[in-house]
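S.K.:
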Amino acid sequence: MSAALPRPDGSTPSVPPVTSPSSTPAPQPAPSSATVVLGEAEIGRALTRIAHEILERNKGGQDVVLLGIPTRGVPLARRLAARIAAVEPGIDAESVVGSLDVTMYRDDLHQQPTRSIGTTDVPGDLDSKVVVLVDDVLFSGRTIRAALDAISDLGRPRAVQLAALVDRGHRELPIRADFVGKNLPTSLTERVRVLLAESDGRDAVLIESTDEPTGGAA
Amino acid sequence: MTTYLLRDVSPLGGERTDVLLADGLIAAIGAGLEAPQDAVVVEGAGLVLLPGLVDLHTHLREPGREDAETIASGTRAAAAGGFTAVHAMANTTPTQDTAGVVEQVWHLGRRAGWVDVFPVGAVTVGLAGERLAELGAMADSEARVRVFSDDGKCVHDPVVMRRALEYVKAFDGVVAQHAQEPRLTEGSQMHEGVVSAELGLAGWPAVAEEAVIARDVLLAEHVGSRLHVCHLSTAGSVEIVRWAKSRGIDVTAEVTPHHLVLTDELARGYDPIYKVNPPLRTQADVDAVREGLADGTIDIVATDHAPHPREDKDCEWAAAAFGMTGLETALSVVQETMVDTGRMTWADVARVLSTAPARIGRVDDRHGRPVAVGEPANLTLVDPAARRVVRPEAQATKSVNSPFRGRELPGAVVATFLRGRATVLDGVPCDDDVAATR
Amino acid sequence: MKHLLSTGDLTRDEAVLILDTAGQMAATQAREIKKLPTLRGRTVVNLFFEDSTRTRISFETAAKRLSADVINFSAKGSSVSKGESLKDTALTLQAMGADAVVIRHQASGAPHTLATSGWTHGAVVNAGDGTHQHPTQALLDAYTLRRHLVGAGGAQDPSGRDLDGLHVAIVGDVLHSRVARSNVQLLHTLGAHVTLVAPPTLVPVGVEAWPCDVSYRLDDVIDTKPDAVMMLRVQRERMSSAGGGFFPSPLEYTRGYGLDARRLAALPDHAIVMHPGPMNRGLEISADAADSPRAVIVEQVANGVAVRMAVLYLLLAGGQTPVAPQPNPNRSAE
Numbered sequence: 001m002s003a004a005l006p007r008p009d010g011s012t013p014s015v016p017p018v019t020s021p022s023s024t025p026a027p028q029p030a031p032s033s034a035t036v037v038l039g040e041a042e043i044g045r046a047l048t049r050i051a052h053e054i055l056e057r058n059k060g061g062q063d064v065v066l067l068g069i070p071t072r073g074v075p076l077a078r079r080l081a082a083r084i085a086a087v088e089p090g091i092d093a094e095s096v097v098g099s100l101d102v103t104m105y106r107d108d109l110h111q112q113p114t115r116s117i118g119t120t121d122v123p124g125d126l127d128s129k130v131v132v133l134v135d136d137v138l139f140s141g142r143t144i145r146a147a148l149d150a151i152s153d154l155g156r157p158r159a160v161q162l163a164a165l166v167d168r169g170h171r172e173l174p175i176r177a178d179f180v181g182k183n184l185p186t187s188l189t190e191r192v193r194v195l196l197a198e199s200d201g202r203d204a205v206l207i208e209s210t211d212e213p214t215g216g217a218a
Numbered sequence: 001m002t003t004y005l006l007r008d009v010s011p012l013g014g015e016r017t018d019v020l021l022a023d024g025l026i027a028a029i030g031a032g033l034e035a036p037q038d039a040v041v042v043e044g045a046g047l048v049l050l051p052g053l054v055d056l057h058t059h060l061r062e063p064g065r066e067d068a069e070t071i072a073s074g075t076r077a078a079a080a081g082g083f084t085a086v087h088a089m090a091n092t093t094p095t096q097d098t099a100g101v102v103e104q105v106w107h108l109g110r111r112a113g114w115v116d117v118f119p120v121g122a123v124t125v126g127l128a129g130e131r132l133a134e135l136g137a138m139a140d141s142e143a144r145v146r147v148f149s150d151d152g153k154c155v156h157d158p159v160v161m162r163r164a165l166e167y168v169k170a171f172d173g174v175v176a177q178h179a180q181e182p183r184l185t186e187g188s189q190m191h192e193g194v195v196s197a198e199l200g201l202a203g204w205p206a207v208a209e210e211a212v213i214a215r216d217v218l219l220a221e222h223v224g225s226r227l228h229v230c231h232l233s234t235a236g237s238v239e240i241v242r243w244a245k246s247r248g249i250d251v252t253a254e255v256t257p258h259h260l261v262l263t264d265e266l267a268r269g270y271d272p273i274y275k276v277n278p279p280l281r282t283q284a285d286v287d288a289v290r291e292g293l294a295d296g297t298i299d300i301v302a303t304d305h306a307p308h309p310r311e312d313k314d315c316e317w318a319a320a321a322f323g324m325t326g327l328e329t330a331l332s333v334v335q336e337t338m339v340d341t342g343r344m345t346w347a348d349v350a351r352v353l354s355t356a357p358a359r360i361g362r363v364d365d366r367h368g369r370p371v372a373v374g375e376p377a378n379l380t381l382v383d384p385a386a387r388r389v390v391r392p393e394a395q396a397t398k399s400v401n402s403p404f405r406g407r408e409l410p411g412a413v414v415a416t417f418l419r420g421r422a423t424v425l426d427g428v429p430c431d432d433d434v435a436a437t438r
Numbered sequence: 001m002k003h004l005l006s007t008g009d010l011t012r013d014e015a016v017l018i019l020d021t022a023g024q025m026a027a028t029q030a031r032e033i034k035k036l037p038t039l040r041g042r043t044v045v046n047l048f049f050e051d052s053t054r055t056r057i058s059f060e061t062a063a064k065r066l067s068a069d070v071i072n073f074s075a076k077g078s079s080v081s082k083g084e085s086l087k088d089t090a091l092t093l094q095a096m097g098a099d100a101v102v103i104r105h106q107a108s109g110a111p112h113t114l115a116t117s118g119w120t121h122g123a124v125v126n127a128g129d130g131t132h133q134h135p136t137q138a139l140l141d142a143y144t145l146r147r148h149l150v151g152a153g154g155a156q157d158p159s160g161r162d163l164d165g166l167h168v169a170i171v172g173d174v175l176h177s178r179v180a181r182s183n184v185q186l187l188h189t190l191g192a193h194v195t196l197v198a199p200p201t202l203v204p205v206g207v208e209a210w211p212c213d214v215s216y217r218l219d220d221v222i223d224t225k226p227d228a229v230m231m232l233r234v235q236r237e238r239m240s241s242a243g244g245g246f247f248p249s250p251l252e253y254t255r256g257y258g259l260d261a262r263r264l265a266a267l268p269d270h271a272i273v274m275h276p277g278p279m280n281r282g283l284e285i286s287a288d289a290a291d292s293p294r295a296v297i298v299e300q301v302a303n304g305v306a307v308r309m310a311v312l313y314l315l316l317a318g319g320q321t322p323v324a325p326q327p328n329p330n331r332s333a334e
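Residue numbers (the working numbering), protein chains in the order written: chain A, 1 to 218; chain B, 1 to 438; chain C, 1 to 334.
Laid out in structure tokens, this is it:
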């Protein structure tokens with residue numbers, strides 16, 4: 001277990017693990033500037049719109065299960081569930097939302113320091129349900145591929161759809177989102193950061209430019 | 001025979017002078033000696049001249065374990081370490097428990113020509129601890145054995161030990177006991193203490209050594225014999241010997257170089273290089289044996305040079321053999337722990353590494369002699385200012401199980417003379433010259 | 001950390017991480033599909049020089065549930081083949097490309113020797129070495145303790161929490177027990193207070209340096225209301241003089257140190273009874289105690305799989321900066 005332990009919230013510092021006292025961590029690319037591309041109000045509106053789109057597409061909320069991908073996909077899924085329950089009669093927010101940790105299905109584990117495993121908590125059984133995966137940033141698509149594998153070990157939903165707050169392009173697999181908060185064309189030298197009140201104290205989506213290309217973490 | 005003029009050397013660390021070696025003897029000592037024609041001059045400024053070192057406890061492994069060491073390689077290593085005489089322990093295969101085997105070892109030593117080899121005779125047949133070997137026959141043989149030991153094993157039966165102590169009086173012999181109560185040390189791997197408890201290695205309690213020494217000094221007193229204690233390693237053992245001497249009991253004791261400096265903490269890495277019998281003990285024990293050596297309670301330093309082939313140390317601790325090499329590092333370790341710390345002088349070093357062991361082994365007619373005109377030229381020339389890093393693969397001994405690998409030690413042997421012939425010159429064994437004597 | 005050799009090497013945070021990860025692994029084992037693809041393509045070798053079907057099966061299950069390939073190597077190390085078997089075996093395994101070697105050996109320190117020798121390059125997991133350590137046993141014991149005694153007995157998620165304030169009594173042959181050594185260190189690291197209970201002959205010289213208390217009287221310790229009692233296996237062979245005569249007779253041992261119905265009843269209501277197995281029913285633990293609802297012995301076994309999955313995941317899944325272990329210069333790596 002290296003010195004750069006994953007934080008309990010599942011995120012991992014980008015510092016490579018220190019396996020001997022004499023090695024020093026690689027220097028982090030310093031963000032030379034950060035731009036706010038979505039503020040609190042805009043995020044709220046996007047989520048409201050996505051919630052309605054989910055209901056519209058699925059002709060109501062029965063059989064819909066929202067699974068947030070830790071870490072930030074989870075509070076986003078909860079917010080969507082709350083909005084859905086607010087407009088759809090007979091739907092209880094708690095019973096339609098859950099979390100799906102995909103760490104153990106990732107294909108890139110060996111290229112990064114050990115990640116800690118998040119919680120998988122699925123409300124009820126998934127057979128014949130419509131699962132809507134919820135994540136903050138859609139990038140290479142590998143996280144979603146891992147999520148599809150995870151779901152198939154948990155049950156057999158009728159359909160799987162994807163809601164992402166931000167789609168920043170640069171897909172490495174044939175994966176697309178059904179519901180998108182904002183399309184953000186970015187270059188590979190930029191980093192997209194999503195802040196949410198539940199974990200970071202405020203809502204914002206930031207783009208930071210760095211000197212080096214950032215790998216597809218999502 | 002080549003004549004040697006040792007210029008400007010310091011005998012036993014004393015006033016600088018010149019020493020002339022000719023025809024196997026010390027021919028002259030004085031300032032500004034003239035070099036005879038054809039003499040080889042050895043520049044000795046800064047060098048210390050000691051009587052040739054005498055090791056009372058070495059394992060040459062031949063006959064039986066020539067993969068670890070032979071008499072030729074072991075004695076060459078001894079010469080490189082500044083020794084002119086070694087006592088070769090009896091735990092060979094076949095055991096050195098008959099006149100025939102000790103004579104064989106003695107002849108092989110003479111033929112090799114590096115040092116005088118004095119075989120040690122086993123106390124009991126086959127080292128089994130049951131009945132006495134033919135001690136008298138070994139004493140009368142060409143090897144003229146005077147030191148008897150079952151080293152490797154303890155003469156644990158009190159009656160057998162008593163008989164041995166009595167019997168050797170007839171020829172001024174001495175029993176050298178490896179003190180280890182066998183029942184208390186069944187399966188033991190290292191010193192019993194805090195470290196062994198944590199490491200899960202079976203312990204070798206200090207009392208297993210001390211109880212045997214206590215019994216033996218009382219037996220020696222009772223039958224009026226002399227006793228020698230091998231590789232004494234604990235504070236309690238030092239106290240028992242001190243008490244025995246104060247009572248006038250004729251006991252002598254030895255300590256190894258590794259017990260002067262290494263502790264059981266080294267076992268923590270499970271590296272069997274540090275596995276030895278008796279085991280490395282605590283710092284308190286190291287302090288006590290240094291004190292004992294300084295105040296004379298411990299009479300001599302003896303190497304217990306125990307070479308082992310690679311595969312016997314390249315394994316897990318429990319499967320490894322016990323033992324460390326030491327002929328080529330002994331003098332340096334004594335210098336580092338005792339001379340450089342001011343507790344002993346070079347004259348004391350001569351006592352504990354030459355004069356006293358020669359006396360105990362009854363070879364003091366030839367070895368451990370004073371550095372004086374007319375004495376046999378068995379001498380060692382040391383450079384105390386030198387520093388060297390120990391590299392076991394570069395040593396003369398065939399085996400590489402030295403616990404000092406990578407350690408920088410002070411002092412280097414510049415020359416060794418056996419009866420006036422150089423066995424080591426410029427720090428290098430004189431292979432051609434020694435071969436020519438065979 | 002590249003290896004798991006001893007619980008003494010774990011910091012509190014590392015230990016809690018292993019327990020938390022084990023919790024996540026346990027959750028996956030409650031599903032219908034228990035298998036995860038995480039260690040696909042990795043090879044785990046079970047190198048067992050000492051017989052132990054239970055531990056070996058536990059490690060094998062853990063590895064297979066993570067989709068790793070498992071090779072079982074069972075070698076009875078005899079005194080004749082001594083050290084050669086470990087080195088040559090290790091070199092052979094390296095040639096087969098082992099990513100991890102799970103080793104159980106009768107010689108204390110053998111896993112350490114393997115890890116520092118340079119003979120293999122994979123992670124080394126100590127599955128029990130002589131009388132030295134059995135780290136995964138201690139970890140599953142800690143996991144079991146936490147499940148029952150922290151977070152209102154399962155009502156709350158104990159993730160992120162240690163065993164602060166718990167009092168655990170470990171009873172039995174401490175002298176020869178690697179389970180005891182691993183547990184004393186780990187429980188202390190996790191903030192628990194440990195009392196060892198044994199007859200004086202079965203307590204090692206040097207125990208004064210351990211971070212725990214020692215008592216020779218089981219009833220006195222039970223009176224202090226410990227939260228858990230961990231019974232160690234006592235070998236009958238140690239009773240006879242051939243075995244060193246540590247104890248006069250099995251009956252006297254059971255009278256003084258056995259967990260019987262009376263002592264079981266004297267424990268506080270919430271206290272649990274543990275045993276690393278295999279049990280000597282009637283010797284160190286009565287049938288009543290072993291079968292009582294307080295005994296979590298069967299659960300310990302199940303938790304063992306989750307804990308070992310966590311250990312294999314944490315050692316093998318991530319990409320450490322590739323640092324080959326510095327080989328010991330006293331060993332030849334050829």
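Glycine is no exception: its CB is placed at the ideal position from the N, C-alpha and C atoms.
All values reported here derive from a predicted model rather than from experimental measurement.
#1: Between Gln112/A and Gly277/C, which are expected to be in contact by the criterion C-beta below 8 angstroms, what is the C-beta distance as a whole number of angstroms?
#2: Going by the DSSP bridge assignment, what does Val175/B pair with across the sheet?
#3: Answer with yes or no whether the minimum CB distance from Gly8/C to chain A is below 7 angstroms.
#4: If distances are taken between C-alpha atoms only, which option among Val174/C, Met274/C, Lys87/C comes closest to Gln235/C?
#5: Would a C-beta distance cut-off of 7 angstroms place Leu133/A and Val97/A closer than the cut-off?
#6: Which same chain residues end up closer than 6 angstroms to Arg42/C when comparing Cβ atoms and leaving out the 5 residues on each side of it in sequence?
#7: Applying the 10 Å Cβ sphere with the 16-neighbour rule, what's the burial state of Lys225/C?
#8: Compare the Cα-Cα distances from Pro248/C to each of Met279/C, Leu140/C, Thr201/C and report the closest residue.
#9: So is Met25/C buried or exposed if we call it buried at 16+ other beta carbons inside 10 Å?
#10: Under 8 angstroms Cβ-Cβ, which residues of chain C neighbour Gly123/A?
#11: Check each candidate in Thr21/C, Val70/C, Leu149/C, Arg181/C and name the one with the smallest Cα separation from Pro211/C.
#12: Would you kindly work out how many angstroms separate the C-alpha atoms of Arg144/B and Met138/B, rounded to a whole number?
#13: Please classify Trp119/C as buried or exposed, where buried requires at least 16 other C-beta atoms within 10 Å of its C-beta.
#14: Could you tell me the distance, in whole angstroms, from the CA atom of Ser199/A to the CA atom of Gly73/A?
#15: Using beta-carbon positions only, say whether Ala62/C and Val70/C come within less than 7 angstroms of one another.
#16: Beta-carbon within less than 7 angstroms of Val349/B's beta-carbon, same chain only, minus the 5 sequence neighbours each way: which residues are those?
#17: Excluding the five sequence neighbours on either side, which residues of its own chain have a C-beta within less than 8 angstroms of the C-beta of Phe73/C, listed in chain order?
#18: Going by C-alpha distance, which of Gln29/C, Arg146/C, Arg31/C, Asp141/C is nearest Met230/C?
#19: Using a Cβ-Cβ cut-off of less than 8 angstroms, list which residues of the stretch 66 to 80 of chain B approach chain C; keep chain order.
#20: For the stretch 31 to 48 of chain C, list every residue whose C-beta sits within 7 angstroms of some C-beta in chain A, in sequence order.
#21: What in chain C is Cβ-close to Val194/B, meaning under 7 angstroms?
#22: I'd like the span of the beta strand (DSSP E) that includes Pro111/C, first residue to last.
#23: Along the chain, which unbroken stretches of the beta strand (DSSP E) at least 3 residues long are found entirely within the stretch 252 to 313 of chain C?
#24: The stretch 311 to 324 of chain B: which residues have C-beta closer than 8 angstroms to a C-beta of chain F, in chain order?
#25: Mind pulling the chain A residues with CB within less than 8 angstroms of Gly318/C?
#26: Could you check whether the Cβ of Tyr4/B sits closer than 7 angstroms to any Cβ belonging to chain C?
#27: Look at Val298/C and Thr136/C and say whether their C-beta atoms are less than 7 angstroms apart.
#28: Which bits of chain A does Thr21/C rub up against, with CB to CB less than 8 angstroms?
#29: Which residue from Glu62/B, Leu232/B, Glu43/B puts its Cα closest to that of Val382/B?
M.R.: Based on what the coordinates show:
#1: Here residue 112/A corresponds to residue number 112 of the first sequence, with the count starting at 1. Here residue 277/C corresponds to residue number 277 of the third sequence, with the count starting at 1. Taking C-beta atoms under 8 angstroms as the contact rule, Gln112/A and Gly277/C fail to qualify, at a distance of about 38 angstroms.
#2: Looking up residue 175/B in the second sequence gives position 175. In DSSP, Val175/B forms a bridge with Phe148/B, Leu227/B.
#3: Position 8 of the third sequence holds residue 8/C. Answer no: the Cβ-Cβ gap between Gly8/C and chain A never drops below 7 angstroms.
#4: For the purposes of this step, residue 235/C is taken as the residue at position 235 of the third sequence. Per the Cα distances, Val174/C.
#5: Here residue 133/A refers to the residue found at position 133 when the first sequence is read from its first residue. Here residue 97/A refers to the residue found at position 97 when the first sequence is read from its first residue. No, the Cβ-Cβ distance between Leu133/A and Val97/A is not below 7 angstroms.
#6: In the third sequence, residue 42/C corresponds to position 42, counting from 1. Contacts found: Ala68, Asp99, Leu316.
#7: Residue 225/C sits at position 225 when you count from the first residue of the third sequence. That one is exposed.
#8: For the purposes of this step, residue 248/C is taken as residue 248 along the third sequence, with counting starting at 1. Of Met279/C, Leu140/C, Thr201/C, the residue nearest in Cα terms is Thr201/C.
#9: As a position in the third sequence, residue 25/C is number 25, starting the count at 1. It is buried - the Cβ of Met25/C has at least 16 other Cβ atoms within 10 Å.
#10: Here residue 123/A refers to the residue found at position 123 of the first sequence. Reading off the sequence, residue 123/A comes out as Pro, not Gly. Within 8 angstroms Cβ-Cβ: nothing; Pro123/A doesn't reach chain C, min ~15 angstroms.
#11: On the third sequence, residue 211/C is found 211 positions in, with the first residue counted as 1. Sorting Thr21/C, Val70/C, Leu149/C, Arg181/C by C-alpha distance to the C-alpha of Pro211/C places Arg181/C at the top.
#12: Walking along the second sequence from the start, residue 144/B turns up at place 144. Walking along the second sequence from the start, residue 138/B turns up at place 138. The straight-line gap from Cα to Cα measures roughly 7 angstroms.
#13: Residue mapping note: residue 119/C aligns to position 119 of the third sequence, counting from 1. Trp119/C counts as buried, since at least 16 other C-beta atoms from the protein chains shown sit within 10 angstroms of its C-beta.
#14: In the first sequence, the residue the question calls residue 199/A occupies position 199. In the first sequence, the residue the question calls residue 73/A occupies position 73. If I take the Cα positions, the gap works out to 11 angstroms.
#15: Here the question's residue 62/C lines up with position 62 in the third sequence. Here the question's residue 70/C lines up with position 70 in the third sequence. Not a contact, by the Cβ cut-off of 7 angstroms.
#16: As a working note, residue 349/B is residue 349 in the second sequence. Hits under 7 angstroms: Leu50, Val334, Val339.
#17: As a first step, residue 73/C must be located in the third sequence, where it is residue number 73. Apart from sequence neighbours up to five positions away, the residues of its chain that approach Phe73/C with a beta-carbon distance below 8 angstroms are Val45, Asn46, Leu47, Phe48, Thr89, Leu93, ordered along the chain.
#18: As a working mapping, residue 230/C is identified with position 230 in the third sequence. Met230/C has its Cα closest to that of Asp141/C, out of Gln29/C, Arg146/C, Arg31/C, Asp141/C.
#19: Residues: none.
#20: If the cut-off is 7 angstroms between Cβ atoms, the stretch 31 to 48 of chain C has Arg31, Ile33, Leu36, Pro37, Thr38 near chain A.
#21: For the purposes of this step, residue 194/B is taken as the residue at position 194 of the second sequence. Chain C residues near Val194/B: Gly206, Ala209.
#22: Indexing the third sequence from 1 puts residue 111/C at position 111. That residue, Pro111/C, is in no beta strand (DSSP E); its alpha helix (DSSP H) goes 110 to 117.
#23: Here the runs fully enclosed are 272 to 274.
#24: Absent here is chain F; the protein component of the structure consists of chains A, B and C.
#25: As a first step, residue 318/C must be located in the third sequence, where it is residue number 318. Within chain A, the residues placing a beta-carbon under 8 angstroms from that of Gly318/C are Ser2, Pro17, Leu109, His110, Gln112, Pro113, Thr114, Arg115, ordered along the chain.
#26: Taking the second sequence and counting its residues from 1, the one referred to as residue 4/B is at position 4. No - not a single Cβ of chain C is within 7 angstroms of the one on Tyr4/B.
#27: For the purposes of this step, residue 298/C is taken as residue 298 along the third sequence, with counting starting at 1. For the purposes of this step, residue 136/C is taken as residue 136 along the third sequence, with counting starting at 1. In this structure, Thr136/C does not lie closer than 7 angstroms to Val298/C by Cβ.
#28: In the third sequence, the residue the question calls residue 21/C occupies position 21. By Cβ distance, chain A contributes Ser116, Ile117.
#29: Here residue 382/B is taken as the residue at index 382 of the second sequence, counted from 1. For the residues Glu62/B, Leu232/B, Glu43/B, the minimum Cα distance to Val382/B belongs to Glu43/B.
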